[in-house]
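The sequence shown begins at 1 in UniProt numbering and counts up one residue at a time.
Heads up, the beta-carbon is just placed ideally off N, CA and C, and yes, glycines get one too.
Quantities reported herein were computed from a predicted structural model and do not represent experimental measurements.
Since the structure comes first, as structure tokens, the remarks are kept for the end.
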Amino acid sequence: MNPLPDPIPVDSAVPRLEVVDLTVAFGGLTALDDVSFDVRPGEIVALIGPNGAGKTTVFNTVCGLVRHRGEVRIDGASAPRRTSELTGRGVSRTLQGLGLFAGLTVRENVLLPVAAHRDAGERVAAQLRARDLEPLAERPVAALSYPDRKRVALARALVTDPRLLLLDEPAGGLGADDISGLGDVVRDVAAAGCAVLLVEHHVDFVMGLADRIVVLDFGRVIARGTPDEVRDDPRVEEAYLGVKATA
Ligand SMILES: Nc1ncnc2c1ncn2[C@@H]1O[C@H](COP(=O)(O)OP(=O)(O)OP(=O)(O)O)[C@@H](O)[C@H]1O
1 MNPLPDPIPV
11 DSAVPRLEVV
21 DLTVAFGGLT
31 ALDDVSFDVR
41 PGEIVALIGP
51 NGAGKTTVFN
61 TVCGLVRHRG
71 EVRIDGASAP
81 RRTSELTGRG
91 VSRTLQGLGL
101 FAGLTVRENV
111 LLPVAAHRDA
121 GERVAAQLRA
131 RDLEPLAERP
141 VAALSYPDRK
151 RVALARALVT
161 DPRLLLLDEP
171 AGGLGADDIS
181 GLGDVVRDVA
191 AAGCAVLLVE
201 HHVDFVMGLA
211 DRIVVLDFGR
221 VIARGTPDEV
231 RDDPRVEEAY
241 LGVKATA
């Protein structure tokens, strides 16, 4: 049984996630080149950049899926090398492809990460309630709309009470109302002390949500700072070929 994380420490000066000089090569391709950044408790940090910039590779490396040079630290200690240890270290992740079990019900999907735990029923019930999924709880995921499936994926990520939440393109495929609701959820999660690392192509969403932004291009950090600082950085405009925050 995977242990669940301890409650979020109220006051922690240690970054929840520290990525130091991360370098990843796939054969001859350098997917990440000396990437460093951190995410502190309660902070929302966005990782943005054009297609192929290396964003998902950062997530995969944090989750122990990719051989790398450099260091990944979670709460000051080396990140686990096995994905099975992530939940116990307080890490949850959503996937671009959602990764839900289409033949299982909403409730069964949300239950999976906590199934062996004594308080699983209460945790799942609380998530279903918080995500407005109660009316859909006994329906198979295959019967759900895409926005509803995304809410299920988020509920499954949150059911463990993570201390570090990795969101891979959470706004992708959603309409304006769902995106606004998603922003509220992420803000609430961060306000409770969770560190959030967000990969997202929806630039307006990122600009309105993130405390800090790290911009990758061809595996390198080309800019970092607050949304205003990044928006005005000419290197970012260039990387996006002139597509600015109104995209
Ligand atoms: N397992 C792999 N084997 C070989 N190359 C890979 C592998 N995973 C990623 N790459 C390459 O590494 C680079 C970075 O890919 P990555 O998926 O991290 O980019 P990204 O910024 O997440 O892109 P997108 O926004 O399109 O999802 C790309 O050139 C990609 O083709």
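Taking only the alpha-carbon atoms, compute the straight-line gap between residue i and residue j and give it to the nearest angstrom.
i	j	result
Glu-122	Asp-34	43 Å
His-201	Ile-48	7 Å
Cys-63	Asp-132	29 Å
Glu-238	Gly-52	15 Å
Pro-227	Leu-29	30 Å
Thr-87	His-117	13 Å
Pro-162	Ser-92	6 Å
Pro-135	Leu-112	19 Å
Asp-56	Asp-168	The displayed chain sequence assigns Thr, not Asp, to residue 56. One C-alpha to the other measures close to 7 Å.
residue 249	Arg-187	Absent from the structure is residue 249, since the part of the chain shown begins at 1 and ends at 247.
Ala-120	Leu-164	20 Å
Ala-102	Val-141	5 Å
Cys-194	Gly-181	18 Å
Ala-176	Val-185	14 Å
Val-19	Ala-31	15 Å
Arg-89	Leu-174	30 Å
Pro-15	Thr-61	17 Å
Asp-233	Val-114	43 Å
Glu-85	Gly-54	24 Å
Leu-17	Arg-40	7 Å
Ala-79	Ala-137	34 Å
Ala-125	Arg-82	29 Å
Tyr-240	Ile-222	12 Å
Arg-129	Arg-139	15 Å
Asp-38	Ile-74	10 Å
Arg-211	Gly-76	Residue 211 is actually Asp in this sequence, not Arg. C-alpha separation (whole angstroms): 21 Å.
Gly-27	Thr-94	27 Å
Hey, would you say residue i sits closer than 8 Å to residue j, going by beta carbons?
i	j	result
Ile-179	Ala-192	no
Ile-213	Arg-224	yes
Leu-100	Val-159	no
Gln-96	Val-110	no
Ile-44	Val-196	yes
Leu-198	Ala-46	yes
Gly-42	Ala-190	yes
Val-215	Val-236	yes
Leu-144	Phe-59	no
Gly-183	Leu-154	no
Asp-204	Pro-50	no
Among all the DSSP beta bridges, which residues are the ones paired with residue i?
i	result
Ser-92	Leu-165
Asp-38	Glu-18
Gly-225	Ile-213
Phe-26	Leu-29
Arg-69	Thr-23
Pro-140	Thr-105
Val-206	Answer is none; Val-206 lacks a bridge partner.
Leu-47	Val-199, Val-214
Ile-74	Leu-17, Ala-77
Ala-123	According to the sequence provided, residue 123 is Arg. The question's Ala does not apply to it. None, per the DSSP bridge assignment.
Sufficient close CB pairs (3 or more, under 8 Å) joining the region 106–117 to the region 138–153: Contact holds: three or more Cβ-Cβ distances are below 8 Å.
Stretch-stretch touch, CB-based, cutoff 8 Å, three pairs: the region 14–32 with the region 66–76: In short, these stretches touch, since the Cβ pair count reaches three.
Neighbourhood of ligand 1 [Cβ distance below 5 Å to any heavy atom], ordered by chain position: Residues flagged by the Cβ proximity filter: Phe-26, Ala-31, Asn-51, Gly-52, Ala-53, Gly-54, Lys-55, Thr-56, Thr-57.
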